[in-house]
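Number of protein chains: 2
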Amino acid sequence: MRQVAILGIGQTKIDEHWDRSLREIGGDAALAALHDAGVEKVDALFVGNMLSSMISAQNQLGTYFSDWIGLWGQEAVKVEAACASGAAALRTGLMAVASGDIDSALVLGVEKMTDKSGHDVTAALATAADADYEVEQGVSFVGLNALIMRRYMHEYGWKHADFAPFSINAHANAMHNPFARLRQKLTVEQFEKSAMIATPINLMDASPTGDGAAAVVLVPAEKVASLNGKPRITIAGSASSTDSIAVHSRKDPLFLSAAYQSAKRAYAMAKVEPKDIDFFELHDAFSIMSALSLEACGFAERGRGICLGLDNEISPGGRLPICTRGGLKARGHPVGATGMYQVVEVVQQLRGECGPTQVENAKVGMAQNIGGSGATILTHILKTE
Amino acid sequence: MRQVAILGIGQTKIDEHWDRSLREIGGDAALAALHDAGVEKVDALFVGNMLSSMISAQNQLGTYFSDWIGLWGQEAVKVEAACASGAAALRTGLMAVASGDIDSALVLGVEKMTDKSGHDVTAALATAADADYEVEQGVSFVGLNALIMRRYMHEYGWKHADFAPFSINAHANAMHNPFARLRQKLTVEQFEKSAMIATPINLMDASPTGDGAAAVVLVPAEKVASLNGKPRITIAGSASSTDSIAVHSRKDPLFLSAAYQSAKRAYAMAKVEPKDIDFFELHDAFSIMSALSLEACGFAERGRGICLGLDNEISPGGRLPICTRGGLKARGHPVGATGMYQVVEVVQQLRGECGPTQVENAKVGMAQNIGGSGATILTHILKTE
C-alpha cells in the first residue's frame, strides 16, 4: 500500500457547548483542518461518531457534514466502533487513500453529548457493551470498568492511591492545552478524596465526557515534498483488532488482547519496537485502562503498568510520556471524537508545537483508541523525519 | 488499486423474524457467505447497519458480529450511511482489500427492524433526513418522497398508474426468489386500489421494511484462478457521491445528482457505458426513485425514466432488467442490509443462478444504493468473464 501523510489538523475545545450544535462543532474542526492543510476540497470525508442517532436524532453524518462544509458531490461516510469510532474513521480514510482510488481525505471525529440528560447519555454509552448479556444485567459502562479495576487490585495487590499518578499527569499536561476541558492541577489529596462513582472507580479515575471534534487531512505521502517548513508526518503503522464484546467472555479480563494484537501489527508495519516509541497517547477513559494498555503494548510486565506512573516515567520528560495534552482524563472524552484528538495531538508533538509539555526530539508517536471495555482497539504510529 | 473479486455470498430471508435476534440474523448471512466462499476466516469484517443503536440498544456491530461468528482478534468496524449503509460497507471493505493492507474481508449488511413499534421505527428512519431542517417540521421519510413524486407528476404530466409497472415487475420477480419478503403477484388493479400512505405514494409504491442480512467475501482478484467451476466475479466499478442532506437545498429535487456522479465514476472505473449494463439492481424504496435513478444513470431522458416500465423494458427479458430478484419493493428493504442484498443478487445473476428471472448472458451488472432522499448514493458495477 502507498504511504499516507497527514497534511493538516483541526480541533475544537472540549466543553459543554450549549450554544453550539453537532453541525457547528464538527464543521469547525473540519474547516480548521482544511485550512491548516491549505486545501479547500478533498475527495472524501470519513466521520467517526458513536452517539448522534441517539442524542441528536441524526444519522448519515458523512453526508450531513460534507453538506455543511460545502463538499457536495464528494464521497462521505460515517464509521462507528463505539469509543474507538475516531481511530476507526482514520483507518478507513487511510485505506481509501492508500488504495489509490482517492487522492485526499478529510477524517473527522465528532461527538455532541450534552443535548440529552445524563441518564440518556449513560444509556446511549451502554450500547458499546453487549446489550443482551451485559447491559440487560443492569451494569453500566463505568460498572464494567470498576469490575476490571477491582480484579486488577486484587490480583496484583495495588491500592487505589497507586493509580493517582495517571490522573495527576493528565491534569498537569492539560493545563497547557487550550483545547482541554479540565485545565486545573490535580493533587494526590484531591484524587483520594474524590467522590466514588462505582467502587473502586472514583470521579478522578474517570474521564469527563463533553462536546468536541477533531480532524485531519490525509494525502499520499509522495505528494508532500515539503510542507511550508512543517515536517512531513506519515502514518507509518495502523492496525485494528477485536476481542469478545462482553468482558465475561474473555479468558483473561486483565489482558487487553486487542491492544496487544493491534500494537503488534502496527509495530511491524512501522518497523519499530516499543523502545522506539517517543510518546504514547493512550486511552485513559478510566485509570485502570492506562495500566492495562501499557502492559498489553509491551511497555510493562503484567501487573506492573502502574509502576510507570509511580516511577514518574510518564511525564513529558519521562521515559514514556503519555497523555501529553491531557489524555481522556483531562483533555476530555467526547467519545467518537477521542481517537481523532489523540492523532491530532501526536501531530502537534511531532511538529514541536506543545510548549511546556513538548516531548524533546519527538520523532515517533503512538495513539491507541479503545471501543467498549477493550472490545475494539486501534493503534496508529506516526513518524516524522 | 488492485482488483478485488467476490468469492462467496450469503443471505437470509427478509421477514418479520420474531424468533430471531439481530445477532442471529447477521450471523446466519455471514456464515453462509464464508461457507459459500469455502473459507473459515477472513482478515476483517465490515458491517453496514443503520438502526441497531436505536432499535436494539446495540452499537459497535463490527466487533459484536466478529465475536459471534468467531473472528476474535480480527479487525472489525461498522459503517453507516442511512439506507446506503450496505453499499458503504462494501466500498469500505473493497478499499481495504484494494489497498493491500488486508487480504480478505467479509462484508455484512444487517438490519433488525421489528423489535420496536412502528412509531419508533418511523422516528428511527427519520434520522436519515435533516433533523434540524426537515424532521423538525414534522415530515416523515415517506412524506419527503411523496413531495418529490408529486412534483415529478406535476412537472412531466404522468399519472399515478404510470408508476405501476415498477411495482408489478418487482413482485413478479420476487415470486421466484426464496429470500424475498413479498412473493405474490401484483396486478394493476391491486396497485391502483391500494391504501394511500402519503399522497401520491400508496402502499404499493412503497417498499416493505423487515429483518434481514446479506453478506459477501472479498479477496484480491489475482488470488482467484478458478472457483470450482463458478465464474470469477470482480468489482469493476465502485463510487460514492453525496448531495445536500435536505431535499429543499437542492437546485433540482427531481435530479439525483449523487446517482449521476457515482454512476459516472463507476462507469469510468469499469470502462463501460450505460448500454453495456446487462441489468440494474436499483434502489426502488419508492416507485418514484426507480424513475429518478434510471434518468440520473443515463438510461432515460429527464422525465422519461417511467417509460422503461411502460414500454416493458425492465422485465428479465427486456432491454434493461431491473430488480430481478424483487427489488426493495418485493424482496424487501431491511434498510442497512439492502445494499448488500443488491450486490448478492448481482452475483447470483452473473453466476446464472436466478432460474425464471435469469437475465440471459449476463456479464455486467450494476447495483445502486441510496441513503436518505438521494443524499448518499453508491454505485457498484460487477463483471464476470
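Residue numbers (our numbering), protein chains in the order written: chain A, 1 to 385; chain B, 386 to 770.
For every residue, glycine included, the Cβ atom is placed at its ideal position computed from N, Cα and C.
Next on the checklist: Tell me which residues share the same chain as A214/A and place their Cβ nearer than 6 Å to its Cβ, disregarding the 5 neighbours each side in the sequence.
Outcome noted: Q11, A29, G109, A337, M340, Y341, V344, listed in sequence order.
Checklist entry - So, using beta-carbon positions, are H545/B and P585/B closer together than 8 Å? => result Cβ atoms of H545/B and P585/B: closer than 8 Å.
Item to check | Close-in-space but distant-in-sequence residues of the same chain around V563/B (CB under 8 Å, 5 per side omitted) | outcome: Strictly speaking, residue 563/B in this sequence is Pro, with Val absent from that position. Cβ neighbours of P563/B within its own chain (closer than 8 Å, five residues either side excluded): K398.
Checklist entry - What is the rounded straight-line gap between the Cα of E698/B and the Cα of L705/B? => result Those two C-alpha atoms are separated by around 6 Å.
Checklist entry - If you measure from the beta carbon of E460/B to each beta carbon in chain A, is any gap under 8 Å? => result Taking Cβ atoms only, chain A reaches closer than 8 Å to E460/B, which makes this a yes.
Checklist entry - So what does Q753/B bridge to, in DSSP terms? => result Bridge pairing for Q753/B: T764/B [DSSP].
Item to check | Same chain, Cβ closer than 7 Å to R91/A, neighbours up to 5 away in sequence not counted | outcome: The beta carbon of R91/A sits closer than 7 Å to those of S238, S240, L378, all from its chain and outside the five residues before and after it, given in chain order.
Checklist entry - For the region 439-463 of chain B, which residues have a beta carbon sitting closer than 7 Å to at least one beta carbon of chain A? => result Residues M439, S441, A442, Q443, N444, Q445, G447, T448, Y449, S451, D452, W457, G458, Q459, E460, A461, V462, K463.
Checklist entry - If you measure beta-carbon to beta-carbon, which residues of the region 746-758 of chain B are closer than 7 Å to chain A? => result Listed by position, the residues of the region 746-758 of chain B near chain A (Cβ gap below 7 Å) are G756, G757.
Checklist entry - Tell me which same chain residues have a C-beta within less than 6 Å of the C-beta of L134/A, skipping the five on either side of it? => result Going by the sequence as given, residue 134/A is Glu instead of Leu. The answer, listed in chain order, is A246.
Checklist entry - Which residues in the same chain have their Cβ closer than 6 Å to the Cβ of S104/A, if we skip the five residues on either side of it in sequence? => result Only V42, D43, V219 meet the Cβ criterion.
Checklist entry - For the region 616-644 of chain B, which residues have a beta carbon sitting closer than 9 Å to at least one beta carbon of chain A? => result Along the region 616-644 of chain B, the positions whose C-beta sits under 9 Å from a C-beta of chain A are S623, A624, S625, S626, T627, D628, S629, I630, A631, S634, S642, A643, read in chain order.
Next on the checklist: Does the contact criterion of 3 or more C-beta pairs under 8 Å hold for the region 349-368 of chain A versus the region 564-575 of chain B?
Outcome noted: A contact between stretches requires three or more CB pairs, one per stretch, nearer than 8 Å, and the region 349-368 of chain A fails this requirement with the region 564-575 of chain B.
Checklist entry - So, using beta-carbon positions, are R408/B and D596/B closer together than 8 Å? => result For R408/B and D596/B, no; Cβs fall outside 8 Å.
Item to check | Whether K291/A touches I277/A by CB criterion (8 Å) | outcome: According to the sequence provided, residue 291/A is Ala. The question's Lys does not apply to it. At the C-beta level, A291/A and I277/A stay beyond 8 Å of one another.
Next on the checklist: Determine, for D596/B, whether the minimum Cβ-Cβ distance to residues of chain A falls below 8 Å.
Outcome noted: D596/B is outside the set of residues whose beta carbon lies under 8 Å from a beta carbon in chain A.
Next on the checklist: I need the DSSP call for N530/B, collapsed to helix, strand or coil.
Outcome noted: Secondary structure of N530/B (DSSP, three-state): helix.
Checklist entry - Which of the three DSSP states, helix, strand or coil, is assigned to C468/B? => result Note: C468/B maps to strand in three-state DSSP.
Checklist entry - Are the C-beta atoms of Q349/A and some chain B residue less than 8 Å apart? => result Taking Cβ atoms only, chain B never reaches closer than 8 Å to Q349/A, which makes this a no.
Next on the checklist: Within 10 Å of its beta-carbon, does N746/B have 16 or more other beta-carbons around it, so buried, or fewer, so exposed?
Outcome noted: Under this definition N746/B is an exposed residue.
Checklist entry - A164/A CB to nearest chain B CB: under 8 Å? => result Not a single CB atom of chain B sits nearer than 8 Å to the CB of A164/A.
Item to check | Distance, A472/B Cα to K649/B Cα | outcome: C-alpha separation (whole angstroms): 17 Å.
Checklist entry - Given a threshold of 16 other Cβ atoms within 10 Å of its Cβ, counted over all protein chains shown, does Q137/A qualify as buried or as exposed? => result Flag for Q137/A reads exposed.
Checklist entry - Candidates A461/B, E680/B, A580/B: which alpha carbon is nearest T448/B's? => result Selected option, being the one with the closest Cα: A461/B.
Checklist entry - Using the rule of at least 16 other Cβ atoms within 10 Å of the residue's Cβ for burial, across every protein chain shown, is M204/A buried or exposed? => result Burial of M204/A is indicated by the presence of at least 16 other C-beta atoms within 10 angstroms of its C-beta.
Checklist entry - Going by C-alpha distance, which of W453/B, P659/B, Q743/B, K501/B is nearest M439/B? => result Among W453/B, P659/B, Q743/B, K501/B, the Cα nearest to that of M439/B is on K501/B.
Checklist entry - DSSP on S672/B, reduced to helix/strand/coil? => result If DSSP states are grouped into helix, strand and coil, S672/B belongs with the helices.
Checklist entry - Start and end of the beta strand (DSSP E) containing V495/B? => result V495/B -> beta strand (DSSP E) spans 490-496.
Checklist entry - If you measure beta-carbon to beta-carbon, which residues of the region 81-115 of chain A are closer than 7 Å to chain B? => result Within the region 81-115 of chain A, those residues whose Cβ lies closer than 7 Å to any Cβ of chain B are, in chain order, A81, A82, A88, T92, M95, A96, A98, S99, G100, D101.
Item to check | For L392/B, the first and last residue of its enclosing beta strand (DSSP E) | outcome: Note, L392/B: beta strand (DSSP E), 389-396.
Next on the checklist: If I measure Cβ to Cβ from I9/A and keep anything under 6 Å in the same chain, skipping five residues before and after, which residues do I get?
Outcome noted: Once the five neighbours on either side are set aside, the close Cβ partners of I9/A are A33, D36, V216, V344, V347.
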